[in-house]
Amino acid sequence: MITMIAAAAENDALGKDNDLVWHLPDDFKRFKDLTTGHHIIMGRKTFETFPKLLPNRTHIIITRKKDYTAEGCIVVHSMEEALNKVVNDDQPYIIGGGEIYKLGLPYADKIELTRVHGDFDADAFFPEVDPADWELVEEEHHPADDRHQCSFTYLTYLRKRK
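Using my numbering, the first residue of the sequence shown is number -19, and each one after it goes up by one.
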């Protein structure tokens, strides 16, 4: 099962200038809990925002740069090539950014979306989750508090089979 995992605002904003526009510690913890032990597929720009490799995950980077290398990572040049690298992982995650989510959407079986309540100025956006294609199967709301500047809701979608 291929899962896209993201945090996106109500206007589908993901981030601006290669950074998130909110700080949600519980969402970071959920991301870590879900992706640990799995392959994570991301674009080069997303990878380059990491201070270091995320522990206990296999990093797959999609880039158009043919000579790009990243120590400890698998570098590929298409979503198809990335997905061919995850054959031994029954739960790979597509983790962004905006262009990679668009490329990954046709292949995804599941979306783990943290919907951040608010509209934000952004230059990267999550693709629209079309209710004709996706069924909301789980929803868990978290109010804003002293550690979270915004309220947010964890949404789990499964692709509808036609």
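All C-beta atoms in this analysis are idealised placements derived from N, C-alpha and C, irrespective of residue type, glycine included.
By the criterion of a C-beta distance shorter than 8 angstroms, Trp114 is surrounded in its chain by Ile91, Tyr137, Leu138, Arg139 and Lys140, once the five residues flanking it on both sides are discounted. Per DSSP, Thr16 lies in no alpha helix (DSSP H) segment and is marked neither H nor E. Distance from the CA atom of His122 to the CA atom of Cys53, rounded to whole angstroms, is 34 angstroms. Using a Cβ distance threshold of 9 angstroms, His18 and Gln71 count as a contacting pair. For the 9 angstroms CB-CB criterion, Ile75 and Phe11 form a contact. Just measuring C-alpha positions, the residue of Leu135, Asn64 and Pro35 sitting nearest Val117 is Leu135. Comparing C-alpha distances from Pro31 to each of Ala50, Thr16 and Arg44 shows the shortest one belongs to Ala50. When the beta-carbon positions are compared, Thr133 and Arg95 come within less than 9 angstroms of each other. The beta carbon of Leu83 sits closer than 6 angstroms to the beta carbons of Met59 from its chain, once the five residues preceding and following it are set aside; these are given in chain order. By the Cβ neighbour-count rule, Val1 is buried, with 16 or more other Cβ atoms within 10 Å of its own. In this structure, the beta-carbon distance from Asp110 to Lys(-4) does not fall below 9 angstroms.
The Cβ-Cβ distance between Ile41 and Tyr73 does not fall below 9 angstroms.
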